[in-house]
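Okay, structure first, notes after.
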Amino acid sequence: MVTVAAFARTAALVGDPARAAMLAVLMDGRALTAAELARAAGVTPQTASGHLAKLAEAGLLTVARQGRHRYHRLASSGVARMLEGVMAVAATAVPDPARPPSLRPPGPRDAALREARTCYDHLAGRLAVVMAESLVARGAVELGEDGGVLTPEGEVFLRGLGVDLDASARTARSRGRVFCRPCLDWSERRPHIAGALGAALLATGLDRGWLRRCEGSRAVAVTPAGQLALRQAFGYGPRCACDDAA
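So for the sequence shown, the working numbering puts the first residue at 551; every next one is plus one.
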């Protein structure tokens, strides 16, 4: 059982603004150097190194050496899930006094991030929620509060889209991770699919050219080919500008 002291230490580590900024940048699953993270947090490289050492010691980050560089990344999907949860709570629990509550959209202000982004190794945003709801509606996936199941019908459907379910199952077994589970979306307030299956859906979209990462951001863009494929498979269409104005 986690002690109150351990809980408080972890919360304190995440609560520092510079460390929070560095952790947020790593939410897209990339591995970055201390210099890159220092720029993201607006601190000196020396200060960043001290923060990163504390995060690594606490098990929130892993560090890999390649040549003369040391690369930092989130230690696990569990860390990313914790950060996404804090972001979801912060978006509603701490109001912005400069903006009336009725006009504050949930989640990130950037429309591209709200539409589609990475959440560590899986897809998040409106696109991910549309995909999850479509899979549930067609009986391909069954989602509970804490876990999910891919049905036989869903296996046939996803294999037909080119999703490598065998590799996903092997990854789940080897890493001891959940194969499929719901993850409450920060901006949509509805669940998208996480776990090894969620990672496979993102990988398939990138490999087939339906999606492309946006440089320097967690945002993911849907390509013209992706617009067609995702509409046919999941009924996804881009959000109309009038939806944000409503």
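All C-beta atoms, glycine included, are put in the ideal place defined by N, C-alpha and C. The structure presented is a predicted model; accordingly, all values stated were derived computationally and were not measured.
Beta-carbon to beta-carbon, Val679 and His742 are separated by about 5 Å, close enough to satisfy the 8 Å threshold. When DSSP states are grouped into helix, strand and coil, Leu602 belongs to the helix group.
Between the segment 708-721 and the segment 761-775 there are fewer than three inter-stretch CB-CB distances shorter than 8 Å, so the stretches are not counted as touching. Leu751 places its beta carbon 8 Å or farther from that of Leu663. A straight-line Cα-Cα distance of about 14 Å links Leu576 and His601. For Pro741, the secondary structure class from DSSP, reduced to helix, strand or coil, is strand. Bridge pairing for Cys669: His672 [DSSP]. Rounded to whole angstroms, the gap between the alpha carbons of Asp757 and Thr553 is 43 Å. Between the alpha carbons of Glu665 and Asp735 lies a distance of about 11 Å.
In terms of Cβ geometry, Leu563 and Ala608 form a close pair [threshold 8 Å]. When the five nearest sequence neighbours on each side are left out, the beta carbons in the same chain lying within less than 6 Å of the beta carbon of Asp578 are those of Thr668 and Arg768, in order along the chain. A Cβ-Cβ separation of about 6 Å places Tyr786 in contact with Leu677 under the 8 Å criterion. Where Thr773 is concerned, there is no enclosing beta strand (DSSP E), because DSSP gives it neither an H nor an E. Counting only the Cα atoms, Ala581 lies some 15 Å from Ala603. Residue pairing from DSSP places Ala769 in a beta bridge opposite Arg667. For Arg725, the three-state secondary structure derived from DSSP is helix. Here the C-alpha atom of Met572 lies approximately 20 Å from the C-alpha atom of Gln616.
Scanning Ala722, Gly698 and Tyr670 for the CA closest to the CA of Gly635 turns up Tyr670. According to the DSSP assignment, Thr701 belongs to no beta strand (DSSP E), since it is labelled neither H nor E.
Between Cys730 and Leu747, the gap from beta carbon to beta carbon is short of 8 Å. Distances from the alpha-carbon of His622 to those of Leu633, Pro702, Met637 and Ala606 put Ala606 closest.
Contact between Met681 and Phe784 is confirmed by a C-beta separation of about 5 Å, below the 8 Å threshold.
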